[in-house]
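J.: Supplied in structure tokens, the structure appears directly below.
2 protein chains.
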Amino acid sequence: MKPLSSLQQLVQALRHLPGVGPKSAQRIAWHLLQHDREGAIQLSEALSNAVSRVRHCLCCNTFTEDEICDTCRDRTRDASLLCVTETPADQVVIEQTMTFKGYYFVLMGSLSPLDGVGPKEIAFDRLIKRATDGLVKEVVLATGFSNEGEATAHYIAEMLKPRGITVTRLARGVPVGAELEYVDVGTVARAFLDRRKS
Amino acid sequence: MKPLSSLQQLVQALRHLPGVGPKSAQRIAWHLLQHDREGAIQLSEALSNAVSRVRHCLCCNTFTEDEICDTCRDRTRDASLLCVTETPADQVVIEQTMTFKGYYFVLMGSLSPLDGVGPKEIAFDRLIKRATDGLVKEVVLATGFSNEGEATAHYIAEMLKPRGITVTRLARGVPVGAELEYVDVGTVARAFLDRRKS
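Going down the list, the protein sequences come from chains A and B. 81 is the number that the numbering used here gives to position 74 of the first sequence; each next residue is one higher, with no gaps. 34 is the number that the numbering used here gives to position 27 of the second sequence; each next residue is one higher, with no gaps.
Structure below.
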């Protein structure tokens, strides 16, 4: 069999992008080669840089290029508050509400038994360790209000409550079924202020 | 201002992909870093290889890694027939119909005055030179049946007819407004057999 050409290899590699099928991959490859080779080179370098440099914060599990991320290094925050989010995007939205001055733990996912994502696939052990450092008094569960997010929140609450930690949940101002990342900041702010005991 | 992190640079570079906005770029970046770092490396290498190796065939203008592409080097084809397509994908569909055994010229686009694409942006000069090599007797216009494809076909026909070349157009079996690449092979085969003088 003839080895794949560079173009065919590119089309195949583009399939690694979520939601890109064979036709889209071909279109993208041609677009880049015909109209944006500069962009293709930038993307190539950015991918290789990011893969080699970006890792998980040892403290909060978010993406960072350092051992500990900027937020976790910020000593002006309230160490008694820990907010748990699914993704870094959710964390960004919460920061934008200006209603929370504690630290974060980013799960990088949510429980989803149907997709084979159980507690082991998410950094639950590290969350428990982080939440029981002796300083944390309240864990605010800011996972999404989808079924997976709710299940994740429930699971975490059941794990932490026996350990004497107050566990709260964002108020149900957030529309049920919505992903936190796409909710407007005002609604998330309201939900943050109305958080309730879990 | 703080320099962009590798992650932010990746998100920005992903915007070079057609149809990818800021939110999608972030989602794609996280997906790759969280679930498919191997794929990200493959994509990075494929992009850089393709950009450095893929160029235009000197003869038919399609993408190739050689000076002259495989199709143009195929000496068993009928040198009196030249088929003009917009993209390499269109060429692939026509090859699949098994109804054409001549050579190709790939425009890599179509006339689109509203987008600033005129004859100079497309390889028209090279097409004229290729079509008037003394061997070509018939040029089959297989540009799409969108407004741009029709305009492109009309323009080429007007250029070539005074030069004594027979110019034909795919039959109107192809639905008006459709892009050739997405039409089923049987319809394209029918249209190829029914091509008419332009």
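Beta carbons are placed, not taken as given, at the ideal position from N, Cα and C, and that holds for glycine.
I75/B: buried (16+ other C-beta within 10 angstroms of its C-beta) or exposed?
T.: Taking the first residue of the second sequence as 1, we reach residue 75/B at position 68. Counting Cβ neighbours within 10 Å, I75/B comes out exposed, since fewer than 16 surround it.
J.: Can you tell me the Cα-Cα spacing of F70/B and V18/B, whole angstroms?
T.: Within the second sequence, residue 70/B is the residue found at index 63, counting from 1. Within the second sequence, residue 18/B is the residue found at index 11, counting from 1. Looking at the two C-alpha atoms, the distance is approximately 28 Å.
J.: Specify, as a first and last residue, the run of the beta strand (DSSP E) that D85/A falls within.
T.: As a working note, residue 85/A is residue 78 in the first sequence. Here the beta strand (DSSP E) through D85/A covers D85 to T92.
J.: Looking at chain B, is there any beta carbon in it that lies within less than 9 Å of the beta carbon of P30/A?
T.: The sequence position of residue 30/A within the first sequence is 23, counting from 1. The identity of residue 30/A in the sequence shown is Lys, whereas the question assumes Pro. Cβ-Cβ to chain B under 9 Å: yes for K30/A.
J.: With distances taken Cα to Cα, identify the nearest neighbour of D201/B among G193/B, P182/B and L177/B.
T.: One-based indexing of the second sequence puts residue 201/B at position 194. The option with the nearest alpha carbon to D201/B is L177/B.
J.: Assuming R176/B is part of the beta strand (DSSP E), what are its boundary residues?
T.: Looking up residue 176/B in the second sequence gives position 169. Where R176/B is concerned, the enclosing beta strand (DSSP E) stretches over T173 to R176.
J.: Taking all protein chains shown into account, decide if D132/B is buried (16 or more other Cβ within 10 angstroms of its Cβ) or exposed.
T.: Counting from one through the second sequence, the residue named residue 132/B turns up at place 125. Exposed.
J.: For a quick check, are the C-beta atoms of V91/B and F107/B less than 9 Å apart?
T.: As a first step, residue 91/B is located in the second sequence; it is residue number 84 there, counting from the start. As a first step, residue 107/B is located in the second sequence; it is residue number 100 there, counting from the start. No, the pair does not count as a contact, with Cβ atoms beyond the cut-off.
J.: Excluding five sequence neighbours on each side, which residues of the same chain lie with their C-beta closer than 8 Å to the C-beta of A47/B?
T.: Here residue 47/B refers to the residue found at position 40 when the second sequence is read from its first residue. Same-chain partners within the cutoff: L39 and L40.
J.: Hey, L118/A and T159/A are a contact pair by Cβ (cut 8 Å); roughly how many whole angstroms apart?
T.: Indexing the first sequence from 1 puts residue 118/A at position 111. Indexing the first sequence from 1 puts residue 159/A at position 152. Correct: roughly 4 Å between the Cβ atoms.
J.: With burial defined as no fewer than 16 other Cβ atoms inside 10 Å of the residue's Cβ, what is the status of L11/B: buried or exposed?
T.: Numbered from its first residue, the second sequence carries residue 11/B at position 4. Exposed, because fewer than 16 other Cβ atoms sit within 10 Å of the Cβ of L11/B.
J.: Which chain A residues sit within Cβ distance under 9 Å of G46/B?
T.: Taking the first residue of the second sequence as position 1, residue 46/B is located at position 39. By Cβ distance, chain A contributes A20, R22, H23 and L24.
J.: Residues of chain A with CB under 7 Å from V212/B, in chain order?
T.: Only positions 8 to 205 of chain B appear in the structure, and residue 212/B is not among them; the question remains open.
J.: Give the residues of chain B in contact with I35/A, contact being defined as C-beta atoms less than 7 Å apart.
T.: What you label residue 35/A is simply residue 28 of the first sequence in a count that begins at 1. Within chain B, the residues near I35/A are L24 and P25.
J.: Given that F70/A touches chain B, what residues does it touch there, using C-beta distances under 7 Å?
T.: Mapped onto the first sequence, residue 70/A falls at position 63. The answer, in chain order, is L14 and L40.
J.: Please report the residue range of the beta strand (DSSP E) in which G109/A lies.
T.: In the first sequence, counting from the first residue as 1, residue 109/A sits at position 102. Residues G109 to V113.
J.: Tell me, to the nearest whole angstrom, how far the beta carbon of L187/B is from that of G151/B; I am working on the premise that it is less than 8 Å.
T.: Along the second sequence, one-based indexing puts residue 187/B at 180. Along the second sequence, one-based indexing puts residue 151/B at 144. Right, the Cβ-Cβ distance comes to about 5 Å (below 8 Å), so this counts as a contact.
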